[in-house]
Ligand SMILES: Cc1cc2nc3c(=O)[nH]c(=O)nc-3n(C[C@H](O)[C@H](O)[C@H](O)COP(=O)(O)OP(=O)(O)OC[C@H]3O[C@@H](n4cnc5c(N)ncnc54)[C@H](O)[C@@H]3O)c2cc1C
């Protein structure tokens, strides 16, 4: 960082602080600390600030004062310590794939984790990954030793730190829980600017409050990830359904079947109809066309495609190209992900599918079962009851601020309220803006008290991650 950059940072920070706080900071700056020397880049051009004030949802825009592209973990430590001294808010941003400003910090400092993307083996059964690494890169490295992550997100171009701050679920979650359930150790920079290592055996409270904690108690800078043996290939079957109830019932029936992946897909068709299908993968050694598997018997599908064998990598990487392409389009994606208690899932889904206003802009609904006892991390919230369903409404609007965009946001708010009333939980990065009351309800009284105590301990000045609005304030 050049002297010019540091002066620019100070000017930005003082400008952002304004008024009395700026006066205090100026006095402080005169008395001692110069702005930190970063090894990475402090970007302050309008282009960088605008990018950090945007996300996949394109509905919320909060301009930061500066964006740091750290080169080292030390940069993150220095940035948080300095921000604390100056009373600045700090948010870490992975790939910005959240939808309601969760990774933004108005007038504050956004730390772009993407340059922190190194990885290293820890023995043969675990990988260390820095927070900004993409799951695609981690999975690819693991596969060089025929290892795999137990749970991968459907889109691999999400950051390790971003999904570990939320939960991280995908087509193996029905049997393996969430990504946060397979973390062995973390390095976290807390709101006091301390770099701490934590695990189930060491500093456990920080560990549990960082995983799925939406960056409230600390910024994850490294995760040690458990690996399992990778399949050679996956034999995929697409089963077609005529009935939503059967589609859901068969997902439940398959939760204990000898299969490898499971995802329901509901796709709009011409004339207001929907195509319902179940994509089921079973591990093979690349020799598709063997005997018909026993787990197919007793299911209620109406038709099936011929099974297709895919190399494991091609299967997990299947959505990358489409996602890269859609990143180039400046369209808003007012998507919504929620976890519904099993008894409420069919009714709510049927209502969404039959309502012209709620089905607007949906290009696919993804549905998969969650067996509660297979999920461990406390802050990754699931509804009460042994079984629930993740339901993701993938939406795209025509343009930011267009009438269809507003209508989809309104539909999401309506559906989130209805889901809460039914005992469901939002998936925080893929949810409408929540009030502190919504968050209290999300966690429930005991967990809320625990998170609030951890916040007071690890981020006593309330600097970290204002975007989700967990502890109220102005989200700045
Ligand atoms: C196309 C698409 C597909 C998706 N598929 C899945 C899926 O299969 N499974 C799934 O679980 N989710 C999925 N998501 C949902 C969700 O948006 C992401 O899980 C989440 O936002 C992570 O993405 P990100 O790395 O871009 O993090 P961001 O969106 O940048 O950040 C998410 C939140 O975490 C905070 N944060 C980021 N990094 C850190 C860190 N290192 N330490 C502390 N806090 C941090 C941010 O401040 C923000 O509050 C998908 C999203 C999209 C757009």
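Residue numbers (the working numbering): 316 to 791. C-beta: ideal position from N, C-alpha, C; glycine also.
Item to complete: Take the Cβ of residue 779 as the centre, count every other Cβ of all protein chains shown within 10 Å, and call the residue buried at 16 or more, exposed below.
Response: By one-based count along the chain shown, residue 779 stands at place 464. Burial call: buried.
Worksheet item: Does ligand 1 have a heavy atom nearer than 7 angstroms to the CB of residue 408?
Response: Counting from one through the chain shown, the residue named residue 408 turns up at place 93. Residue 408 Cβ: within cutoff of ligand 1.
Fill in: Nearest neighbour of residue 607, chosen from 622, 709 and 681 [CA to CA]
As a position in the chain shown, residue 607 is number 292, starting the count at 1. That would be 622, whose Cα lies nearest to the Cα of residue 607.
Practice prompt. Tell whether a beta-carbon distance below 8 angstroms holds between residue 423 and residue 380.
Written response: By 1-based counting over the chain shown, the position of residue 423 is 108. By 1-based counting over the chain shown, the position of residue 380 is 65. Yes, the pair counts as a contact, with Cβ atoms nearer than the cut-off.
Discussion item. Are the CB atoms of residue 569 and residue 595 within a distance shorter than 8 angstroms?
Written reply: As a first step, residue 595 must be located in the chain shown, where it is residue number 280. As a first step, residue 569 must be located in the chain shown, where it is residue number 254. Result yes, Cβ atoms of residue 595 and residue 569 sit closer than 8 angstroms.
Practice prompt. Using only the heavy atoms of ligand 1, determine whether one of them is closer than 7 angstroms to the beta carbon of residue 417.
Written response: In the chain shown, residue 417 corresponds to position 102, counting from 1. Result yes, Cβ under 7 angstroms from ligand 1.
Item to complete: Please confirm if the stretch 696 to 715 is in contact with the stretch 640 to 653, defined as three or more CB-CB distances below 8 angstroms between the two stretches.
Response: yes
Worksheet item: Under 7 angstroms from any heavy atom of ligand 1, does the C-beta of residue 355 make it?
Response: Here residue 355 corresponds to residue number 40 of the chain shown, with the count starting at 1. No, the beta carbon of residue 355 sits no closer than 7 angstroms to any heavy atom of ligand 1.
Discussion item. Quick check on the DSSP output: the beta strand (DSSP E) that includes residue 541 runs from which residue to which?
Written reply: Here the question's residue 541 lines up with position 226 in the chain shown. Here the beta strand (DSSP E) through residue 541 covers 533 to 541.
Worksheet item: Can you tell me whether residue 560 is buried or exposed, with buried defined as 16 or more other CB within 10 angstroms of its CB?
Response: One-based indexing of the chain shown puts residue 560 at position 245. Flag for residue 560 reads exposed.
Practice prompt. Would you tell me roughly how many angstroms separate the C-alpha atoms of residue 582 and residue 591, rounded to the nearest one?
Written response: One-based indexing of the chain shown puts residue 582 at position 267. One-based indexing of the chain shown puts residue 591 at position 276. One C-alpha to the other measures close to 7 angstroms.
Worksheet item: Going by the beta-carbon positions, is the gap between residue 562 and residue 593 smaller than 8 angstroms?
Response: One-based indexing of the chain shown puts residue 562 at position 247. One-based indexing of the chain shown puts residue 593 at position 278. For residue 562 and residue 593, yes; Cβs fall inside 8 angstroms.
Worksheet item: Where does residue 648 sit, in a helix, a strand or coil, going by DSSP?
Response: By one-based count along the chain shown, residue 648 stands at place 333. Note: residue 648 maps to coil in three-state DSSP.
Worksheet item: Is it a yes or a no for the stretch 498 to 515 touching the stretch 458 to 466, going by three-plus beta-carbon pairs under 8 angstroms?
Response: no
Discussion item. Would you say the beta carbon of residue 487 is closer than 7 angstroms to some non-hydrogen atom of ligand 1?
Written reply: Locating residue 487 in the chain shown gives position 172, counting from the first residue. No, the beta carbon of residue 487 sits no closer than 7 angstroms to any heavy atom of ligand 1.
Worksheet item: According to the neighbour-count rule (16 or more other Cβ atoms, all chains shown, within 10 Å of its Cβ), is residue 576 buried or exposed?
Response: On the chain shown, residue 576 is found 261 positions in, with the first residue counted as 1. Buried is the call here.
Discussion item. Taking 7 angstroms as the cut-off, is the beta-carbon of residue 621 closer than that to any non-hydrogen atom of ligand 3?
Written reply: In the structure shown, ligand 3 is absent; the only ligands present are ligand 1.
Worksheet item: Comparing the CB of residue 529 with every heavy atom of ligand 1, is any distance shorter than 7 angstroms?
Response: Residue numbering aside, residue 529 sits at position 214 when the chain shown is read from its first letter. Checking every heavy atom of ligand 1 against the Cβ of residue 529, one is found closer than 7 angstroms.
Practice prompt. Let me know the secondary structure DSSP gives residue 390 once reduced to three states.
Written response: Mapped onto the chain shown, residue 390 falls at position 75. Assigned with DSSP and collapsed to three states, residue 390 falls in helix.
Worksheet item: Taking three-plus beta-carbon pairs below 8 angstroms as touching, is the stretch 509 to 527 in contact with the stretch 609 to 626?
Response: no
Worksheet item: Can you give the Cα-Cα distance for residue 635 and residue 471, rounded to whole angstroms?
Response: Here residue 635 refers to the residue found at position 320 when the chain shown is read from its first residue. Here residue 471 refers to the residue found at position 156 when the chain shown is read from its first residue. In this structure, the straight-line span from the alpha carbon of residue 635 to that of residue 471 is close to 6 angstroms.
Worksheet item: Are there 16 or more other CB atoms within 10 angstroms of the CB of residue 538, so buried, or fewer, so exposed?
Response: Looking up residue 538 in the chain shown gives position 223. Result: buried.
Discussion item. Residues in the same chain with beta-carbon distance under 7 angstroms from residue 396, minus the five sequence neighbours each way, listed in chain order, please.
Written reply: By one-based count along the chain shown, residue 396 stands at place 81. 508.
Fill in: Given 8 angstroms, three or more beta-carbon pairs between the stretch 669 to 686 and the stretch 768 to 775
no
Worksheet item: Considering residue 793, what are the terminal residues of the alpha helix (DSSP H) in which it resides?
Response: Given a span of 316 to 791 for the chain in the structure shown, any question on residue 793 remains unanswerable.
Discussion item. For the pair the stretch 470 to 488 and the stretch 438 to 456, tell me if three or more CB-CB distances fall below 8 angstroms.
Written reply: The stretch 470 to 488, when compared against the stretch 438 to 456, does touch it at the 8 angstroms Cβ threshold.
Discussion item. For the structure I just gave you, are there three or more beta carbon pairs, one from the stretch 382 to 394 and one from the stretch 652 to 665, closer than 8 angstroms?
Written reply: At 8 angstroms Cβ cutoff, the stretches do not touch.
Worksheet item: How about residue 482 and residue 411: are their beta carbons less than 8 angstroms apart?
Response: Residue numbering aside, residue 482 sits at position 167 when the chain shown is read from its first letter. Residue numbering aside, residue 411 sits at position 96 when the chain shown is read from its first letter. No.
Practice prompt. Rounded to whole angstroms, what's the CA-CA distance from residue 710 to residue 682? Just pull it up for me.
Written response: In the chain shown, counting from the first residue as 1, residue 710 sits at position 395. In the chain shown, counting from the first residue as 1, residue 682 sits at position 367. Distance between the alpha carbons of residue 710 and residue 682 is about 14 angstroms.
Fill in: Cβ-heavy atom distance, residue 645 to ligand 1, below 7 angstroms
Walking along the chain shown from the start, residue 645 turns up at place 330. Result no, Cβ not under 7 angstroms from ligand 1.
Fill in: Extent of the continuous beta strand (DSSP E) to which residue 589 belongs
Here residue 589 refers to the residue found at position 274 when the chain shown is read from its first residue. That run of the beta strand (DSSP E) goes 589 to 599.
Fill in: Cβ shell of residue 364 (< 7 angstroms), same chain only, five flanking positions each side left out
As a first step, residue 364 is located in the chain shown; it is residue number 49 there, counting from the start. Within the same chain, 378, 379 and 382 come within 7 angstroms of residue 364 by CB-CB distance, once the 5 residues on both sides are set aside.
Fill in: Limits of the unbroken alpha helix (DSSP H) element including residue 582
Within the chain shown, numbered from 1, the residue matching residue 582 stands at position 267. Unbroken run through residue 582 is the beta strand (DSSP E), 576 to 583; no alpha helix (DSSP H).
Fill in: Beta-carbon proximity check, residue 781 vs residue 529, cutoff 8 angstroms
In the chain shown, counting from the first residue as 1, residue 781 sits at position 466. In the chain shown, counting from the first residue as 1, residue 529 sits at position 214. In this structure, residue 529 does not lie closer than 8 angstroms to residue 781 by Cβ.
Worksheet item: Around the Cβ of residue 639, are there at least 16 other Cβ atoms within 10 angstroms (buried) or fewer (exposed)?
Response: For this step, residue 639 is matched to residue 324 along the chain shown. Of the residues assessed, residue 639 falls on the exposed side of the cut-off, its CB having fewer than 16 other CB atoms within 10 angstroms.
Practice prompt. Would you grab the beta carbon distance between residue 392 and residue 408 for me? Rounded to a whole angstrom, and I think it's under 8 angstroms.
Written response: Start at 1 with the first residue of the chain shown, and residue 392 comes out as number 77. Start at 1 with the first residue of the chain shown, and residue 408 comes out as number 93. Between residue 408 and residue 392 the Cβ distance is about 17 angstroms, and since that is not below 8 angstroms, they are no contact.
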